[in-house]
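Heads up: the structure comes next, in structure tokens.
Numbering (the numbering used here), first residue to last: -9 to 190.
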């Protein structure tokens, strides 16, 4: 069975262009089969984009699990002097994000695999609609890796479904030492603001 978190999705290509609007930012986005949220802007992603405060104006910003790139491209519009790292294991997703950024003239987007991100890099902000379908333990391991790469004072904004464990995720993050605040809740989705863990 094919999943959007496969490295090379087997689903036949079915390109569809959609419109994305967040505040005063509007652009078209090419999507494809085998990539998360084909043919539409996922409602949880839309909630995250509209609820999260503007990202830092400069620095390195991460879109974890970029899919076709809606989060990365919005951040690139919002923070043209920042570098947006759009990371995904799915090759088709990376290709889409790169081509969408190029078509929109957003030269501050770097698309890569997780392994291609320099180990020394620390992020001023992280945005993610994390891939809960990979399983709870796998998703928590993924978040552990990347949240520990927040720079001092950096903040992650995550969106998760209440029915898929958003509240237990929040408790787990707090238990790990992350300050967590729920900034909005709508239609069963939570948007969480997650700070870095204090230095030991």
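Beta carbons: idealized from backbone N, C-alpha and C, even for Gly.
Locate the beta strand (DSSP E) running through residue i, then write down its first and last residues.
i           : result
residue 88  : Here residue 88 belongs to no beta strand (DSSP E); instead the alpha helix (DSSP H) covers 81 to 93.
residue 113 : 113 to 118
residue 100 : 99 to 102
residue 76  : 73 to 77
Identify, in the order they occur along the chain, each residue of the same chain with its Cβ nearer than 6 Å to the Cβ of residue i, setting aside the five sequence neighbours on each side.
i           : result
residue 91  : 99
residue 170 : 160, 163, 164, 182 and 184
residue 28  : 21
Would you identify the three-state DSSP class for residue i, choosing helix, strand or coil?
i           : result
residue 169 : coil
residue 174 : strand
residue 53  : strand
residue 16  : strand
residue 123 : helix
residue -3  : coil
residue 147 : strand
residue 141 : strand
residue 9   : strand
Excluding five sequence neighbours on each side, which residues of the same chain lie with their C-beta closer than 8 Å to the C-beta of residue i?
i          : result
residue 15 : 64, 67 and 68
Taking 7 Å as the line, does the beta carbon of residue i fall inside it for any heavy atom of the ligand SAM?
i           : result
residue 123 : In the structure shown, the ligand SAM is absent, as is every other ligand, since no ligand is present at all.
Measure how close the beta-carbons of residue i and residue j come, nearest whole angstrom, since I'm counting them as under 8 Å.
i           : j           : result
residue 127 : residue 149 : With a Cβ gap of about 20 Å, residue 127 and residue 149 do not count as contacting.
residue 20  : residue 86  : 6 Å
residue 166 : residue 187 : 7 Å
residue 60  : residue 35  : 6 Å
residue 55  : residue 121 : 5 Å
Since residue i is in the alpha helix (DSSP H), which residue starts that stretch and which ends it?
i           : result
residue 130 : 126 to 137
residue 182 : Where residue 182 is concerned, there is no enclosing alpha helix (DSSP H), although the beta strand (DSSP E) it sits in stretches over 179 to 185.
residue 60  : 60 to 68
residue 38  : 33 to 41
Identify, in the order they occur along the chain, each residue of the same chain with its Cβ nearer than 7 Å to the Cβ of residue i, setting aside the five sequence neighbours on each side.
i          : result
residue 13 : none
*Touch check for the segment 111 to 125 and the segment 3 to 15: three-plus C-beta pairs under 8 Å?*
In short, these stretches do not touch, since the Cβ pair count stays below three.
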